[in-house]
Amino acid sequence: MVKNTSKNEIEKQISHIALIMDGNGRWANSRGLPRYEGHAQGLITLRKLLRDLKGYNLDYLTLFTFSIDNWKRPKEETSKLMQLLRKFISNDLSELHNNDVRIKVIGSRKDIPKDIIDLIKGAESLTINNSGLYLQIAFNYSGRQEIINATKKIAFAAAKGELDPNKIDKNIFESNLYSAGIPDPDLIIRTGSEKRISNFLLWQLSYSEVYFEECLWPDFNKNKLDVAINDYKNRSRRFGNVISEYR
Ligand code: FPP
C-alpha cells in the first residue's frame, strides 16, 4: 500500500547539507590575483561559516574540497590546495574538536602526500567519539570512483562466496560507499552560478534538493545560507510519492 503523505509530513527539519564551494578562481581573477588566493579566501569563508553554524542544529555537513578531476589543474594550484588541507587541519582541528565536531575525510588516498594522510588519520581518530556536527570532507573525491569502488568490493565478496548476488540491494550497496552510515544530503548548495553536480555524491544526491547560488564561494555567508535553507523549507519533498492534496 502506498503511504498517504501529507505536505507537513514531508517538510522536515534539515539534517544534512552538502556544499560545492565553487567560484574561488573567478573571485581571484576578478581581483587580478592568482587562483590559489581565491582558495585561500575560500578557506576563510568556510571557517567563518563553520563558526556560524553552531546554532543550526545541523547533523551533517559534507564539503567538496578537492575533486580527483582537479589534478588536471596546474601543479601550482593543486599544491596550494594540498597545502590548504594541511592548514585547515593543523590550525582548526582543536577548535572543531572543542566544539564536538566529528571529522571524516572521504575520497581516494592515492596521490595524497603521506604527511596529509597522517593529519587526516589524526583528525579522524581524535574526533571519532564527538557527537556534534559530523563534518564529512570530500578530498581527492570522485562520485563515479566511489561507485566503482563499492561495486568492486561487492564483486570480490560475491566471488569469494561471502555474499549471495541475489541479496545485493540498496543497503548492501550503501554500506560499501565511502559515506557508509551517513544519511543522504537533504540539500545540496552549489555556489558560483554553474548548474551542475560535477561528479559529487552521485549516488547520495538521488533525492536531495538542489539549490544554486549565484555568488562566488568567497562571498558566501550565513545570510545566503539562511536564504537557501528557507527555500528548502518551502519545497515539497515527495521521494517519488504524491502529496495527499493531489491524490
Ligand atoms: C572550486 O572553485 C573550488 C575548489 C576546487 C576548492 C574548494 C576549496 C575551498 C573552498 C577551501 C577549503 C579547502 C580545503 C582543502 C579545506 P574553482 O577553482 O573551480 O573556481 P572557478 O570556477 O571560479 O574557477
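Note that this note's numbering has the sequence shown beginning at 589, numbered continuously upward.
Where is the CB? At the ideal position from N, CA and C, for every residue including glycine.
Since the model is a prediction, treat every value here as computed from it, not as a measurement.
Pair within 8 Å by beta-carbon distance, residue i and residue j
i	j	result
S730	I656	yes
L684	L651	no
L813	L637	yes
A726	I677	no
S719	D688	yes
F788	N728	no
F808	T779	yes
D640	K810	yes
R690	I716	yes
C-alpha distance - residue i paired with residue j, whole-angstrom precision
i	j	result
N829	W791	19 Å
E665	N658	9 Å
F761	I742	8 Å
G708	G695	It should be pointed out that residue 708 corresponds to Ile in this sequence rather than to Gly. Approximately 12 Å, taken between the alpha carbons.
L723	L714	13 Å
R732	K740	12 Å
K668	P773	28 Å
N645	S603	8 Å
L721	A768	17 Å
R823	S794	16 Å
Y820	E797	7 Å
K692	G643	21 Å
K663	Y624	11 Å
K595	I605	Residue placement at K595 is flagged as unreliable, the pLDDT there being 40, under the threshold of 50; the coordinate-derived value follows with that caveat. Distance between the alpha carbons of K595 and I605 is about 21 Å.
S770	P622	Note on residue identity: the sequence assigns Ile, not Ser, to residue 770. So the alpha carbons of these two residues sit roughly 36 Å apart.
Spatial neighbours of residue i in its chain, beta-carbon cut-off 8 Å, leaving aside the 5 residues before and after
i	result
P806	G611, N612, W615, G626, Q629, G630, I632 and T633
D706	none
A747	none
D699	W659 and N728
Any non-hydrogen atom of the ligand FPP closer than 7 Å to residue i Cβ
i	result
R614	yes
F800	no
F827	no
D706	no
L775	no
R639	no
F654	yes
W805	yes
N658	yes
L672	yes
R623	yes
L634	yes
D699	no
D610	yes
I695	The displayed chain sequence assigns Gly, not Ile, to residue 695. The answer is no for G695.
Chain B contact for residue i (CB, 8 Å cutoff)
i	result
E802	Checking the listed chains, one finds no chain B in this structure; it contains a single protein chain.
Residues of its chain near residue i, where Cβ-Cβ distance is below 7 Å and the 5 sequence neighbours each way are ignored
i	result
M670	P701 and I704
N759	none
L765	E734, A738 and W791
Own chain partners of residue i with C-beta closer than 6 Å, once the 5 adjacent residues on each side are dropped
i	result
A816	I777 and Y799
S781	E802
P753	A746
### Task
Taking only runs that begin and end inside the region 741-809, name each unbroken beta strand (DSSP E) of 3 or more residues, in chain order.
775-778 and 797-800
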